[in-house]
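*Asks:* Can you read through this structure? Questions will come right after.
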Amino acid sequence: MMKSEIVLKSALQDAAITLLMVGPSREFAAGVAAVCSSFGVATPAMLDIIKSRWPEWTVIE
Numbered sequence: 001m002m003k004s005e006i007v008l009k010s011a012l013q014d015a016a017i018t019l020l021m022v023g024p025s026r027e028f029a030a031g032v033a034a035v036c037s038s039f040g041v042a043t044p045a046m047l048d049i050i051k052s053r054w055p056e057w058t059v060i061e
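In terms of the numbering used here, the sequence shown opens at residue 1 and continues consecutively.
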């Protein structure tokens, strides 16, 4: 992986985590998670944030 790809991946992950922490709804969070997954930048921390903010979504594992 090139350095620019690594930097971009890290920036996407940071932005996504921030959006998950301040996002307005679980539907918004689902969209953020779907985009991250499609770009291959989803992390376990993102799932933890979703589960802590919306406990009813713990079945998504």
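Don't be surprised by glycine CBs; every beta carbon is placed ideally from N, CA and C.
Measure the alpha-carbon distance for D14 versus T43 and round it to whole angstroms.
*Replies:* If you take the alpha carbons of D14 and T43, they lie about 10 Å apart.
*Asks:* Is the beta carbon of M46 sitting closer than 8 Å to the one on L20?
*Replies:* Yes. Within cutoff.
*Asks:* Among E5, R26, A16 and L8, which one has its Cα closest to the Cα of C36?
*Replies:* For the residues E5, R26, A16 and L8, the minimum Cα distance to C36 belongs to A16.
*Asks:* Would you report the Cα separation of E27 and W57, rounded to the nearest angstrom?
*Replies:* Distance between the alpha carbons of E27 and W57: 11 Å.
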